[in-house]
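The block underneath contains the structure these notes are about, expressed in structure tokens.
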Amino acid sequence: MLRLGVRFLTYMADSCARLIPDTATHIRGVAMLHRGLIISVVAAGLFVASCGQEELPPPPPPPVEEGPNQDSIDAARRAAEEAARRAAEEEARRAAALEAAREALTAMVFFDFDMAEIRSDAEGVLQRKVDVLRASPAVQLRIEGHADERGSSEYNLALGSRRAEAVRQFFVNAGLAQSRFDVRSYGEEQPREMGSNEQSWAQNRRDEFVITAGGNQIQVPGGGQ
């Protein structure tokens, strides 16, 4: 029995010695096989993942901001030129209206020989003054009466004063304040025409008007300036 047991043990030992190298080789083969499988699985997964992602189209380019075309530029230029033209015309109109109002205030009126009554042709001139004076409450006038050379100096001074006062009364009768008007007579001392004839005398029998206040505040009747 002892001999049989020794033989069995010797057989098992030899068998194990033979099996151990094969087992190690087998284990290494299995490990390499597993590693290959893992690599294959990972590669396949990456391939599938890459195939599953749809390729996105590139983003559209940003819109190109277009500037105004030539027609728009020309239209804007024409509109600006038209606006400037109208503004210039309006400014010229206003300047002309103001100048006309100033001329109306300073326009002279004339009288008959040795008379202080307002002639019919002078009434329209004076009415235009009234219109401007009503629109321009800051304006004040000095009314200067004149006479021709015939008669004495004292008489002509008195005649010039009556002529200036007649015009002031016309303004007062039109509703304007008497305090806005100063009267002065120069008689024959400041002739407009130097001749000694009827034509010159007719030009010298007159009232002149001087703006003494509010000259820069003249308003055009009707609201224009």
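Positions in the sequence shown are counted from 1; adding 75 to them yields this note's numbering. All C-beta atoms in this analysis are idealised placements derived from N, C-alpha and C, irrespective of residue type, glycine included.
Per the DSSP calculation, Ile286 is bridged to which residue(s)?
To locate residue 286, count along the sequence shown from 1; it is residue 211. Beta-bridge pairing links Ile286 to Leu216.
Have a look at Ser227 and Glu268 and give me their C-alpha separation to the nearest angstrom.
Mapped onto the sequence shown, residue 227 falls at position 152. Mapped onto the sequence shown, residue 268 falls at position 193. Whole-angstrom Cα-Cα distance: 18 Å.
Ends of the beta strand (DSSP E) at Ser260?
As a first step, residue 260 must be located in the sequence shown, where it is residue number 185. That run of the beta strand (DSSP E) goes 256 to 262.
Identified DSSP bridge partners for Phe185
As a position in the sequence shown, residue 185 is number 110, starting the count at 1. In the DSSP output, where bridge partners are listed per residue, Phe185 has Arg281.
The segment 175 to 184 in contact with the segment 281 to 292 per 3-pair CB rule at 8 Å
yes
Same chain, Cβ closer than 6 Å to Asp257, five either side skipped, listed in chain order:
Translated into the one-based positions of the sequence shown, residue 257 becomes position 182. Within the same chain, Asp257 has close Cβ partners Arg217.
Buried/exposed call for Asn144, threshold 16 Cβ in 10 Å:
Position 69 of the sequence shown, counted from the start, is the residue given in the question as residue 144. Flag for Asn144 reads exposed.
At least three beta-carbon pairs within less than 8 Å, the segment 200 to 220 to the segment 243 to 262
Contact holds: three or more Cβ-Cβ distances are below 8 Å.
Val81 by DSSP, collapsed to three states: which one?
Taking the sequence shown and counting its residues from 1, the one referred to as residue 81 is at position 6. In this predicted model, Val81 has a pLDDT of only 43, less than 50, meaning its place in the structure is not dependable enough to derive any value.
Classify Tyr147: buried if its beta carbon has 16 or more other beta carbons within 10 angstroms, exposed otherwise.
In the sequence shown, the residue the question calls residue 147 occupies position 72. In the sequence under discussion, the amino acid at residue 147 is Ser, which differs from the Tyr named in the question. Ser147 is exposed by the Cβ-count criterion.
Going by C-alpha to C-alpha distance, which of Ala239, Ala150, Ser271 sits closest to Val285?
Residue mapping note: residue 285 aligns to position 210 of the sequence shown, counting from 1. The candidate whose alpha carbon is nearest that of Val285 is Ala239.
Does the separation of the CB atoms of Glu224 and Glu263 fall below 8 Å?
Sequence index remark: in the sequence shown, residue 224 carries index 149 (1-based). Sequence index remark: in the sequence shown, residue 263 carries index 188 (1-based). Contact flag set, yes.
Cβ-Cβ separation, Glu198 to Ala323 (assumed contact under 8 Å), whole Å:
Since the displayed the chain opens at 76 and closes at 300, residue 323 lies outside it and no answer follows.
Whole angstroms is fine: what's the gap from Val295's alpha carbon to Val139's?
Translated into the one-based positions of the sequence shown, residue 295 becomes position 220. Translated into the one-based positions of the sequence shown, residue 139 becomes position 64. Cα-Cα distance, rounded: 56 Å.
Which residues bound the alpha helix (DSSP H) around Glu198?
Position 123 of the sequence shown, counting from 1, holds the residue named residue 198. 195 to 210 is the extent of the alpha helix (DSSP H) around Glu198.
Rounded separation between Asn231 and Gln244 - CA only
Reading the sequence shown from its first residue, position 156 is the one you call residue 231. Reading the sequence shown from its first residue, position 169 is the one you call residue 244. When rounded, the distance between both Cα atoms is 20 Å.
Just tell me which of Arg259, Phe246, His221 has its CA closest to the CA of Gln278.
In the sequence shown, counting from the first residue as 1, residue 278 sits at position 203. The option with the nearest alpha carbon to Gln278 is His221.
Could you tell me the distance, in whole angstroms, from the CA atom of Lys204 to the CA atom of Ala171?
In the sequence shown, the residue the question calls residue 204 occupies position 129. In the sequence shown, the residue the question calls residue 171 occupies position 96. One C-alpha to the other measures close to 16 Å.
Would you grab the beta carbon distance between Phe185 and Arg259 for me? Rounded to a whole angstrom, and I think it's under 8 Å.
What you label residue 185 is simply residue 110 of the sequence shown in a count that begins at 1. What you label residue 259 is simply residue 184 of the sequence shown in a count that begins at 1. With 8 Å as the limit, Phe185 and Arg259 do not qualify as a contact, their Cβ atoms being about 18 Å apart.
Note the first and the last residue of the continuous alpha helix (DSSP H) segment covering Gln244.
Counting from one through the sequence shown, the residue named residue 244 turns up at place 169. Annotation for Gln244: the continuous alpha helix (DSSP H) segment containing it runs 228 to 248.
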